[in-house]
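Peer 1: Submitted below is the structure of interest, expressed as structure tokens.
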Amino acid sequence: MKLSIVGDMHYSSNFRGVEAYEETRELYFRQVFSEWFDMTCDFHVSIGDLTNMGTEEEFTEVLGLIQAYDYQQDFQLVIGNHDAYSLPKDAIQDCIQQPLYGKLYEDESYCILKIDTNRVMDKVDYSGTLSLEQLEWLAQEVPQHKGQTLIILAHHPVYRTTYWSDNILYAIDPNLPIQEILNQHQGQGIYVNGHTHADSIVEQGQWLYVQIANFYDQPYFRSIEIDSRQIKIEAIPLSKYYQQLGIWLGANTDYFALNKRGYQGEHHRNFTKILGA
950 MKLSIVGDMH YSSNFRGVEA YEETRELYFR QVFSEWFDMT CDFHVSIGDL
1000 TNMGTEEEFT EVLGLIQAYD YQQDFQLVIG NHDAYSLPKD AIQDCIQQPL
1050 YGKLYEDESY CILKIDTNRV MDKVDYSGTL SLEQLEWLAQ EVPQHKGQTL
1100 IILAHHPVYR TTYWSDNILY AIDPNLPIQE ILNQHQGQGI YVNGHTHADS
1150 IVEQGQWLYV QIANFYDQPY FRSIEIDSRQ IKIEAIPLSK YYQQLGIWLG
1200 ANTDYFALNK RGYQGEHHRN FTKILGA
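So the mapping is simple: the numbering used here equals the position in the sequence shown, first residue as 1, plus 949.
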């Protein structure tokens, strides 16, 4: 099983009216998606905040670009808090034409679930939450995958797992029993998230938590490859010329800020776990 994952991309309308913004954005994202979808894998996954303000215009534009390069038709979006800033959840689902949570894939060895950890049109509280319906579904689903590698794709981290997840606004509400639910899994678990704009890989019990920084700060595609022997995580850089365009876009994008916490060392980018060792 191989996933190729990108962190928060914050594709944005030109809210500041910056000269040459649209032209630079088009050039940049076409290159990003060209390089990304040239990578062979089972699923290409955006781990949330694909858009910056979650408007219908932003969704239409960025998904149109993705459609032009998604030759395998395997793209999956896990929505983030920025994706949910402007539209109700049913309208978001209409835009992306995918369920917001559910079982993505299952065979004898693997099961992939994606969850929606976002509030609705709330620009003040950007912490994570799950509806009661979704919590009940997850609590029933997780224990059913004994012996399988269970992969959960979410935007927000579980509280006090990865770097920066001890900040209430940067994690799932600690009052929700998400950790208790995950602990019901008997087998290897991999939980993948974004949101914090910081790379981090942490092992806790049977779970490997993989956090991916935003793409403007850390322009790397993250490969996660799993087989019966090992889990291998690898960071693959975007072409250097286009990295500088991403930094320029990040510096000129409203409701977004570049930060200095994205890079936390190579061991939080490239990682190998030998299974059964």
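Every residue, glycine too, gets a C-beta built ideally from N, C-alpha and C.
Report yes if the C-beta distance between GLN1219 and ILE1182 is below 8 angstroms; otherwise report no.
Peer 2: Here the sequence assigns Asn to residue 1219, which means Gln is not the residue at that position. Cβ distance < 8 angstroms, so ASN1219 and ILE1182 count as in contact.
Peer 1: List the residues that DSSP assigns as beta-bridge partners of HIS993.
Peer 2: Per DSSP, SER953 and PHE1024.
Peer 1: Does DSSP put VAL1091 in a helix, a strand or coil?
Peer 2: helix
Peer 1: Contact check, HIS1104 vs GLY1051 under 8 angstroms by CB: the rounded distance?
Peer 2: Between GLY1051 and HIS1104 the Cβ distance is about 15 angstroms, and since that is not below 8 angstroms, they are no contact.
Peer 1: Within 10 angstroms of the Cβ of ARG974, are there 16 or more other Cβ atoms? Answer buried if so, exposed if not.
Peer 2: Per the 10 Å Cβ criterion, buried.
Peer 1: Taking 7 angstroms as the cut-off, is the CB of GLU1057 close to at least one heavy atom of the ligand HEM?
Peer 2: This structure lacks the ligand HEM, and indeed carries no ligand of any kind.
Peer 1: Would you tell me roughly how many angstroms separate the C-alpha atoms of GLN1070 and ILE1173, rounded to the nearest one?
Peer 2: Sequence check: residue 1070 is Met here, not Gln. So the alpha carbons of these two residues sit roughly 31 angstroms apart.
Peer 1: Would you report the Cα separation of SER1076 and ASN1067, rounded to the nearest angstrom?
Peer 2: 8 angstroms
Peer 1: Roughly how many whole angstroms lie between the Cα atoms of GLU1057 and GLN1097?
Peer 2: Spanning the two alpha carbons is a distance of roughly 7 angstroms.
Peer 1: Could you please give the first and the last residue of the uninterrupted alpha helix (DSSP H) stretch that includes GLY1051?
Peer 2: Careful: GLY1051 lies outside any alpha helix (DSSP H), inside the beta strand (DSSP E) at 1051-1055.
Peer 1: Grab me the residues of LEU1157's own chain with a C-beta within less than 6 angstroms of its C-beta, minus the 5 sequence neighbours each way, in chain order.
Peer 2: Setting aside the 5 residues that flank it on each side, LEU1157 is surrounded in the same chain by ILE1139, each with a C-beta closer than 6 angstroms to its C-beta; the list follows chain order.
Peer 1: Measure the alpha-carbon distance for PHE1008 versus GLN1167 and round it to whole angstroms.
Peer 2: The straight-line gap from Cα to Cα measures roughly 22 angstroms.
Peer 1: Provide the residue span of the alpha helix (DSSP H) that contains THR1009, from first to last.
Peer 2: 1005-1018
Peer 1: Can the beta-carbon of ILE1028 be found closer than 8 angstroms to that of LEU1014?
Peer 2: no
Peer 1: Under three-state DSSP, which class holds GLN1167?
Peer 2: coil
Peer 1: Kindly indicate which three-state DSSP category ILE1117 falls into: helix, strand or coil?
Peer 2: ILE1117: helix per DSSP, three-state reduction.
Peer 1: With DSSP collapsed to three states, give me the class of GLY1211.
Peer 2: coil
Peer 1: So, under 8 angstroms CB-CB, TYR1169 and THR1145 are touching, yes? Tell me the CB distance rounded to an integer number of Å.
Peer 2: The Cβ separation is near 15 angstroms, so there is no contact.
Peer 1: Is it right to say ILE1061 is buried, meaning 16 or more other beta carbons lie within 10 angstroms of its own, or is it exposed?
Peer 2: buried
Peer 1: Using beta-carbon positions only, say whether SER1149 and GLN1213 come within less than 8 angstroms of one another.
Peer 2: yes
Peer 1: In whole angstroms, what separates the C-alpha of GLN1155 from that of SER995?
Peer 2: 24 angstroms
Peer 1: Quick check: what's the CA-CA separation for GLU1152 versus ASN1116?
Peer 2: 19 angstroms
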